[in-house]
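Numbered according to mature numbering (1 follows the signal peptide of the UniProt record, and there is no 0), the sequence shown spans residues -26 to -1, 1 to 711.
Below: one structure, written as structure tokens.
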Amino acid sequence: MRKLAQLLFLSLLSICCCTSIAPVFSQCLEHQKFLLLGLKNSLIFDYSASRKLVRWNQTTDCCCWDGVECDAAGHVISLQLDEEMISSGIESWEDLFRLGYLQKLNLAFNNFDGIRIPKGLQNLTKLTHLNLSSAGFRGQVPTEILSMRGLASLDLSFFPGFPPLKLESPNLQMLVQNLTGLRELYLDSVDVSAQGSNWSQVLSSSLPDLRNLSLRGCHLQGPIDASLTELRSLSVLHLDSNNLASEVPNFLANFSKLTTLSLTSCSLVGSFPEKIFQLHSLQMLDLSYNMQLSGTVPQFPPNGSLRSIGLSYTNFSGSLPESISNLAMLSSLELSVCSFTGPIPPTIANLTELQTLDISWNNFTGSIPLFQMSKKLTYIDAAHNSLTGSLSSKHFEGLPNLEYIDLRHNLLSGNIPSSLFALPSLKKLQLSNNEFDGQVKEFSYPSSSLLEVLDVSSNHLQGPIPKFFSELQQLKVLSLSSNFFNGTVQLETFRNPSLARLELSYNDLFVDSTGSNSSLPVLHSISVLNLASCKLQKFPKLASHLRLSRLDLSSNQLKGDVPNWIWEIGNVSLVHLNLSFNELHGFQKPYKFPSLSVLDLHSNKFQGELPIPPLFSVYVDYSFNYFSNSIPKDIGNFISDASFFSASNNNLTGEIPTSICNATSLQVLDLSSNAFTGSIPPCLPMENWSLGVLSLGRNNLSGNIPDTFSVNCSLRTLDLNKNVFEGKIPASLVNCP
């Protein structure tokens, strides 16, 4: 009883020490503080990022320091130094190794810059928990770790991008045969390939009490052996990102304590056993990114335990059962890019814990359920299905946490309810490529909206653009293209301070850029501006827009010369310019194309010499103009990275320059319908092996067709029509399948 009273007193003293109440006695043992301060002084860490070490000092009780835990006698038993940005100094661990009562050591998420795990850890004889994950260690796991037989939890995992660890000598078998008391083993991304395919047998024969096993990206080979069932206490199993290349075994349904099963990106094949879905203990199941894994979702028993289901990028098919509502605790359902069919079961709306629903890229049909009971819903993605019907004001009513709605590429119709814009947390609303029609009604409180992305393009919406669109203070993306919006639009009306992308193309709009305020000072954040088919008669003055990178003014009524200030847009940040389908005929001088990746000038009235393309461009279209004279001899040096180049339907003459052979990335080369003479450069079919389309028809080319088509020929279309070639069809053409 006396001993118990002493322990209670020491516990109470510990509580007092670590609160604002001034302690009468210090619980921390002085030699323990001395060792900790010695450890701190030996470490090199980022003081500005540190949340723990930076606060350790001589004047306070070490048992109250952040990251430190003591027992009742004042011995340090736990040291949590994770995320302290320690970069070096750990090589000399003398002070650490003298903490003889230490039970837990956590050095995760530091940056030890690729050093090996220091020797001496075995001196911490009472250590039960060791976490060195993503700490920057690399190389072979030291043999000294084999003598740490008291370990119950070992974490050596790391994320890709960190220096790699490997278990080669010792290998996995040697590790687990010595650390038989392990209940938790995390080796994510550690290379255990030296163990071969018998990893299941090795684990099951040595770790009878194992509960948590995580071997993501460990270069494991399949199949999963039945010996794994010997791990009767197994609760968590992560085998993601291994090349198991086998079927999922039925015996996984026999793990009565399994709560988490994650097998993503394992090259799994065959049909998934339905019984695993019905495991009474299972809470998380993730099979994503196994494209050859098939299966169906079975009926769920009452009071199902699953909280998270991930089947994205698999070949699961069939319909979802109405009994999915039996999963009362389900918070995440991710089924994107599968082969599901049928209606979305209306019972899914009864899931009160649901937060994430992703059923995109399937073949779901029917209407969208009302989600009024799913108060925790934050994310819904049903894009790329065949959903029909309309959206009512009640569909997402009363969902205070909903941030993301994506219903693109469906068959939804009717009006877009203005209640969507009233959702207090909504940030992204994507409704493009549907059949919504009518006018979008005004919303009374746009300044309170958190909406950042609004995409209603490719619908049948009519009437004027609602005024509140330009008053959404957080809006970054506004896409209204390919509708039937009408009326006159002054670009300066869009006063959204963060607007980076504005798309008004292909409506019945008249965009007026002739006003006195046409310099658009309010669009200072704009980076993408698409105004195709907007009846523009003059170039908007955009020279001061330093962030503009993509500009589409195609299919308008622009005439005369292209102003030279356009090449200075965004301090030469412009990478995409489309001026096609206008009536432009020249360039205001002086001009110099910036580092454009895409330049589209086709279907205008440009005359004179063919402009030298922008250096490092990937797409250049000069077709359907009146360019004349010969092609610049060094043109191939300017389009060496281009995949598309067309100068067809012009008045170009002379020979095709041999420098065109330097454009080895070309997939499409179209010089048809001109007046070229001479022969085809022999190097063209030989060097440009990635070329899929070569169109030289309707010219005056002569001579033999080069017999130089490479064995790697990718040609699918070859047009040499209406020239004056002679000789035989080249035998090497058979290299082009």
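The beta carbon of each residue, even a glycine, is placed where N, CA and C say it ideally should be.
Values in this document were obtained by computation on a predicted structure and should not be read as measured data.
Mind checking whether the beta-carbon of residue i lies closer than 8 Å to any heavy atom of the ligand SAH?
i    : result
D535 : No copy of the ligand SAH appears in this structure; indeed no ligand is present at all.
Using the Cβ count rule (16 or more neighbours within 10 Å means buried), how would you classify residue i?
i    : result
E58  : buried
A705 : exposed
D332 : buried
R123 : exposed
T691 : exposed
T234 : buried
E700 : exposed
H434 : exposed
G461 : exposed
G110 : buried
E477 : buried
V572 : buried
P588 : buried
G244 : exposed
L520 : exposed
A23  : exposed
Quick one: residues in its chain with C-beta nearer than 8 Å to the C-beta of residue i, no 5 flanking neighbours on either side, listed in chain order?
i    : result
K566 : W541
G191 : P134, D162, S163, D214, S215 and N216
T238 : D214, S215, D260, L261, S262, Y263, N264 and G284
Q96  : E118, I119, S121 and M122
S286 : S262, Y263, E308, L309, S310, V311, C312 and D332
S406 : R382, H383, D429, V430, S431, S432, N433 and S453
List the DSSP bridge partners of residue i.
i           : result
D644        : S620 and S669
E221        : V243
K140        : Q114 and D165
G560        : D535
E4          : Paired residue(s): none; E4 is not in a bridge.
G292        : F314
G582        : F601
E477        : S453 and N504
S188        : Y160 and H212
S360        : T339
Y596        : BP columns for Y596 are empty, so no partner.
residue 712 : It is not possible to answer for residue 712, since the shown part of the chain is limited to -26 through 711.
L483        : G461
R29         : Paired residue(s): none; R29 is not in a bridge.
R524        : V502 and H550
E308        : G284 and D332
K151        : The sequence given here places Gln at residue 151; Lys does not occur at that position. According to DSSP, Q151 bridges with nothing at all.
M258        : T234 and S282
Compute the beta-carbon to beta-carbon distance between residue i and residue j, rounded to the nearest angstrom, for a pair I have assumed lies under 8 Å.
i    : j    : result
T330 : L361 : Wrong, their Cβ atoms sit about 18 Å apart, outside the cutoff.
E377 : K401 : 5 Å
L141 : V166 : 5 Å
E530 : N504 : Looking at the sequence shown, residue 530 is not Glu but Asn. With 8 Å as the limit, N530 and N504 do not qualify as a contact, their Cβ atoms being about 12 Å apart.
L640 : S669 : L640 to S669, Cβ: 12 Å. No contact.
N599 : K579 : 7 Å
Y75  : D45  : 7 Å
K509 : V485 : 7 Å
L87  : S107 : It should be noted that the sequence gives Asp, not Leu, for residue 87. Not quite, the Cβ-Cβ distance comes to about 16 Å (not below 8 Å), so this is no contact.
K349 : L386 : Not quite, the Cβ-Cβ distance comes to about 24 Å (not below 8 Å), so this is no contact.
G278 : L301 : 4 Å
Can you name, in chain order, every residue of its own chain whose Cβ lies under 7 Å from the Cβ of residue i, other than the five neighbours on each side?
i    : result
V708 : none
Q175 : D199 and S201
L449 : L425, E426, L428, N470, S472 and L473
K93  : P116 and E118
T467 : S444
G48  : Q1, C2, L3, Q6 and C37
K368 : L344 and Q346
Using a Cβ-Cβ cutoff of less than 6 Å, which residues in the same chain neighbour residue i once the five nearest sequence positions on both sides are dropped?
i    : result
S188 : Y160, D162 and H212
D56  : N80, A82 and F83
P656 : P680 and T682
D526 : N504, A506 and N552
V698 : S676
W539 : A517
P659 : P680, T682 and F683
P272 : E248 and F251
K415 : S392
N105 : N80, A82 and D129
F71  : G94 and N97
Compare the C-beta of residue i with all C-beta atoms of chain C and state if any pair is closer than 9 Å.
i    : result
G363 : Of the protein chains in the structure, only one exists, and it is not chain C.
Going along the chain, which unbroken runs of the alpha helix (DSSP H) with 4 or more residues stay wholly within the stretch 58 to 133? 68 to 71
Give the list of continuous beta strand (DSSP E) stretches no shorter than 3 residues that lie fully inside the stretch 370 to 446. 378 to 380, 402 to 404, 409 to 412, 427 to 429 and 434 to 437
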